[in-house]
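Chains as they are written, first to last, in this note's numbering: chain A, 80 to 426; chain B, 57 to 355. By construction, the Cβ of each residue, glycine as well, lies at the ideal position given by its N, Cα and C atoms.
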Amino acid sequence: MMDMLAVKHLSVAFDTVAGRVQAVRNVSFSLCRGETLALVGESGCGKSATCRAIMRLLARNAQITEGSVELDGQDLLKLSSSAMRKIRGNRIAMIFQDPMTALDPTMKIGRQIAETITLHRRVSHAAANRRALELLAQVGIEDAPRRFHQYPHEFSGGQRQRIVIAIALAADPDILIADEPTTALDVTMQAQILDLIRASQARTGASVIFITHDLGVVANVADRVAIMYAGKIVETGTSQEIFYDPRHPYTWGLLASMPTLNTSGERLRAIPGTPPTLIHLPQGDAFAPRNPYALEADFLAEPPMFKISDTHYAATWLLDPRAPRIDVPDFIQKRWEEDPCASKSRS
Amino acid sequence: MRVEKSLVKVEHLTHRYAAGATPAVADVSFDIRQGETFGLVGESGCGKTTTGRMLVRLLGITSGRVYFDGQDISAIRTRLEMLAFRRQAQIIFQDPYASLDPRKKVIDIIAEGIDVHHLAENRRERNEQVACLMESVGLRPDYANRFPHEFSGGQRQRIGIARALATQPRFIVCDEPISALDVSIQAQVVNLLKDEQHKRGLTYLFIAHDLSMVKYVSDRIGVMYRGRIVEMGDAQEVYAHPQHPYTQSLLSSIPRPDPDTERNRSRIPYEKREIAQDATMIQVSPGHYLLCDPHGRPA
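Here it is as structure tokens:
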């Protein structure tokens with residue numbers, strides 16, 4: 080499959096009062112047509128900064144210090160602002176976390192959707208309005224002809240997120256970047272929005288980059304997963320590989336720290352400590368101070384990406400041939416045995 | 057083991073934010089046993105936070121009764137009685153950024169309850185108590201003179217917990233105590249809450265929308281929908297055999313960190329509807345209650 084988007088060695092730094100923050104450090108990944116990649120990590124791990132760099136929507140104090148973002152072979156970072164404007168919203172669209180701030184409160188929602196269409200396509204206003212109505216119906220807003228003329232405050236949180244999705248879909252983008260689109264929503268609404276994104280993707284063949292910290296959501300949407308920590312991708316693989324054969328201790332920690340529906344009694348396996356500040360990064364692997372499996376090497380040098388399969392890579396010295404053999408911990412393997420609802424077909 | 061004695065007893069509790077408005081909480085009854093964790097779940101706006109705040113009288117009670125250890129706290133009128141009650145019932149808030157006074161040092165934030173209730177003989181004893189509290193919630197006591205902005209979100213929530221523990225309460229309302237925290241920090245805070253519960257014999261009302269976490273921490277749960285409790289019972293039992301269509305829908309929507317399960321799942325839809333005024337709680341199996349209409353159907 081041909082890569083549509085290729086992010087290569089991307090590094091982003093923010094200049095702050097306290098010093099220079101290395102928010103994204105040498106991040107590389109690719110995205111094929113029609114696939115969904117989940118970028119997973121905690122706040123401050125660089126997942127949003129990565130996507131904002133792709134969209135060239137970084138704050139003024141941010142600087143892309145290295146790397147390229149290639150869309151069909153063309154480096155977006157080298158485009159003029161006006162050329163980038165033609166890409167943004169048109170070929171790559173973004174769904175933001177907070178639908179209340181993503182929508183213009185003073186503009187009727189029908190116009191907000193139609194505006195995106197007329198901005199990128201040479202169509203009449205009437206045609207744009209017809210398409211906007213269609214989109215509203217597609218994202219599940221009932222009674223669309225009437226609601227077309229309403230303002231954002233007249234909609235509930237879930238409905239607003241649907242409208243934001245309608246705007247993102249308006250120009251038929253090739254790539255949708257969804258930045259925590261369901262974090263502000265309840266589980267039932269979250270499930271509906273995930274279904275909606277998946278259905279839209281099936282209809283248009285768009286690729287999706289899904290930013291989230293919720294591993295349940297990841298399992299639901301992702302074909303491939305990239306786990307980020309302290310500005311780097313520490314493990315990447317197919318959804319199956321990440322959930323059923325994780326290799327990085329941080330991935331183990333994330334999976335183990337959330338209770339499944341079968342966890343009871345025993346203490347949760349919390350990851351000790353807190354993420355490092357990205358101003359003064361420790362020497363070696365940034366996760367080492369919190370890593371119970373850390374080797375001496377982890378405190379000295381950053382581990383490279385070790386290959387596990389053609390699709391599965393992890394940056395941990397545990398995968399070095401010289402490292403002592405550490406098996407995937409029991410509590411990771413047992414998670415599946417304990418879950419009566421989990422399917423049994425695992426290799 | 058748990059003593060089967062109610063510490064908090066709630067009867068027909070109702071709250072209206074404005075006269076004549078639809079009640080945010082309507083005719084809610086339940087009890088919380090000594091030493092247990094009672095979980096409240098439901099979508100945002102269902103009334104779970106409003107309920108929690110009424111239990112510690114941070115919100116007025118429109119009608120109904122709340123008994124704390126036998127005392128009717130809805131009838132408290134004097135400042136002295138309220139002080140005595142507040143010492144025993146504390147709350148931990150959702151947002152560790154908004155709930156700590158940014159101009160106060162951590163030591164004074166944590167010591168607030170000690171000062172108000174005169175729990176220390178002198179300054180030295182007060183500071184010792186704070187140091188003790190900080191240590192038990194996993195904060196370095198030598199950070200006592202720092203300000204809240206110098207701490208991370210998880211550490212701030214620990215400060216909030218220390219502040220709640222300072223008055224040696226018997227009951228704590230935990231209102232979404234982990235939803236603002238990162239995944240790796242959530243488990244730390246939940247472990248801390250559980251440890252303190254065992255150590256001090258605390259009783260919790262745990263409000264959250266993370267259904268897996270609520271199941272993990274709670275002995276019993278209540279499911280709220282549009283201001284009513286529609287189902288209530290032992291947490292294991294309710295999750296295993298949900299009876300109300302809303303509970304069934306809610307539980308079927310929990311995202312699981314397991315791709316194979318997620319791919320093959322089916323969700324149970326729930327048609328939004330009004331709950332009949334005359335609906336009442338009926339016991340469907342021992343300890344498992346369901347809100348039913350007068351014909352005995354789930355309301």
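{"Asked": "Give a yes or no on whether 8 Å exceeds the smallest Cβ distance from S309 of chain B to chain A.", "Found": "yes"}
{"Asked": "Determine the DSSP secondary structure at A228 of chain A, reduced to helix, strand or coil.", "Found": "The displayed chain sequence assigns His, not Ala, to residue 228 of chain A. Three-state DSSP puts H228 of chain A in coil, outside helix and strand."}
{"Asked": "Can you pull the chain B residues whose beta carbon is under 8 Å from the beta carbon of M337 of chain A, in chain order?", "Found": "V239, Q242, A243, S268, M269, P313"}
{"Asked": "Given a limit of 9 Å on CB to CB distance, which residues of the segment 183–201 of chain B reach chain A?", "Found": "none"}
{"Asked": "Who are the near neighbours of R135 of chain A in its chain, counting only those whose CB is closer than 6 Å to its CB and skipping five residues on each side?", "Found": "M163"}
{"Asked": "Just by C-beta distance, which residues in the segment 341–363 of chain A are closer than 8 Å to chain B?", "Found": "T342, S343, R346, L347, R348, A349, I350, P351, T353, P354"}
{"Asked": "Could you please tell me which residues of the segment 296–313 of chain A, in chain order, have their CB closer than 9 Å to any CB of chain B?", "Found": "V296, V297, A298, N299, V300, A301"}
{"Asked": "Could you work out which residue in A:Q319, A:K157, A:A249 is closest to I192 of chain A when comparing CA atoms only?", "Found": "A:A249"}
{"Asked": "Please compile the residues from chain A whose C-beta is within a distance smaller than 7 Å of the C-beta of Y272 of chain B.", "Found": "P338, T342, S343"}
{"Asked": "Use the C-beta contact count for A349 of chain A: other C-beta atoms within 10 angstroms, 16 or more gives buried, fewer gives exposed.", "Found": "buried"}
{"Asked": "Using a C-beta to C-beta distance shorter than 7 Å, which residues of chain A count as neighbours of G210 of chain B?", "Found": "T353"}
{"Asked": "With the cut-off set at 8 Å, would you say F385 of chain A and A309 of chain A are in Cβ contact?", "Found": "no"}
{"Asked": "Is the CB of Y295 of chain B under 8 Å away from at least one CB in chain A?", "Found": "yes"}
{"Asked": "To the nearest angstrom, report how far apart S72 of chain A and Q153 of chain A are at their CA atoms.", "Found": "With chain A covering only 80 through 426, there is no way to say anything about residue 72 of chain A."}
{"Asked": "With DSSP as the reference, identify every bridge partner of S147 of chain A, one or two as the case may be.", "Found": "A:K87"}
{"Asked": "Looking at C-alpha atoms only, which residue of B:V64, B:E184, B:C348 is the closest neighbour of R284 of chain B?", "Found": "B:C348"}
{"Asked": "State the CB to CB distance for the pair I188 of chain A and Q217 of chain A, rounded to an integer number of angstroms; the pair is presumed to be in contact (CB under 8 Å).", "Found": "14 Å between Cβ atoms; not a contact."}
{"Asked": "What are the residues in the segment 99–127 of chain A lying within 7 Å of chain B by C-beta distance?", "Found": "E121, S122"}
{"Asked": "Kindly indicate if chain A contains any beta-carbon less than 8 Å away from that of Q247 of chain B.", "Found": "The sequence given here has Asn at residue 247 of chain B, not Gln. Taking Cβ atoms only, chain A reaches closer than 8 Å to N247 of chain B, which makes this a yes."}
{"Asked": "Taking its Cβ as the centre, do 16 or more other Cβ atoms sit within 10 Å of R353 of chain B, making it buried, or is it exposed?", "Found": "exposed"}
{"Asked": "The ligand SAH and Q271 of chain A: does any heavy atom of the ligand fall closer than 7 Å to the residue's C-beta?", "Found": "The ligand SAH is absent from the structure shown, which contains no ligands of any kind."}
{"Asked": "Would you identify the three-state DSSP class for M173 of chain A, choosing helix, strand or coil?", "Found": "strand"}
{"Asked": "Going by the DSSP bridge assignment, what does M280 of chain B pair with across the sheet?", "Found": "B:I285"}
{"Asked": "Under the three-state reduction of DSSP, which class applies to K311 of chain A: helix, strand or coil?", "Found": "strand"}
{"Asked": "Okay, do the segment 144–161 of chain B and the segment 203–216 of chain B touch, 3+ Cβ pairs below 8 Å being the bar?", "Found": "yes"}
{"Asked": "Do the segment 235–248 of chain B and the segment 287–300 of chain B make contact, defined as three or more Cβ pairs closer than 8 Å?", "Found": "no"}
{"Asked": "Do you know how far the Cα of A211 of chain A is from the Cα of A82 of chain B?", "Found": "40 Å"}
{"Asked": "Excluding sequence positions up to five away, which residues of its chain have a Cβ less than 7 Å from the Cβ of A247 of chain A?", "Found": "A172, M173, I174, L255"}
{"Asked": "Pull up the CB-CB distance for L264 of chain A and I272 of chain A, whole angstroms please, since I reckon it's below 8 Å.", "Found": "6 Å"}
{"Asked": "Starting from K271 of chain B, trace the alpha helix (DSSP H) both ways and give me its first and last residue.", "Found": "267–273"}
{"Asked": "Residues of chain B with a CB under 8 Å from the CB of D253 of chain A: which are they?", "Found": "Ordered by position in chain B, no residue passes the 8 Å Cβ test against D253 of chain A, which lies about 25 Å from the chain."}
{"Asked": "Have a look at A305 of chain A and L84 of chain A and give me their C-alpha separation to the nearest angstrom.", "Found": "15 Å"}
{"Asked": "List, in order along the chain, the chain A residues whose C-beta lies closer than 7 Å to that of L306 of chain B?", "Found": "V266, T267"}
{"Asked": "Counting only Cβ-Cβ distances shorter than 7 Å, please list the residues of the segment 78–97 of chain B near chain A, keeping chain order.", "Found": "none"}
{"Asked": "Starting from L307 of chain B, trace the alpha helix (DSSP H) both ways and give me its first and last residue.", "Found": "301–308"}
{"Asked": "In its own chain, which residues sit with a C-beta less than 7 Å from the C-beta of F410 of chain A, not counting the 5 before and 5 after it?", "Found": "A335, R348"}
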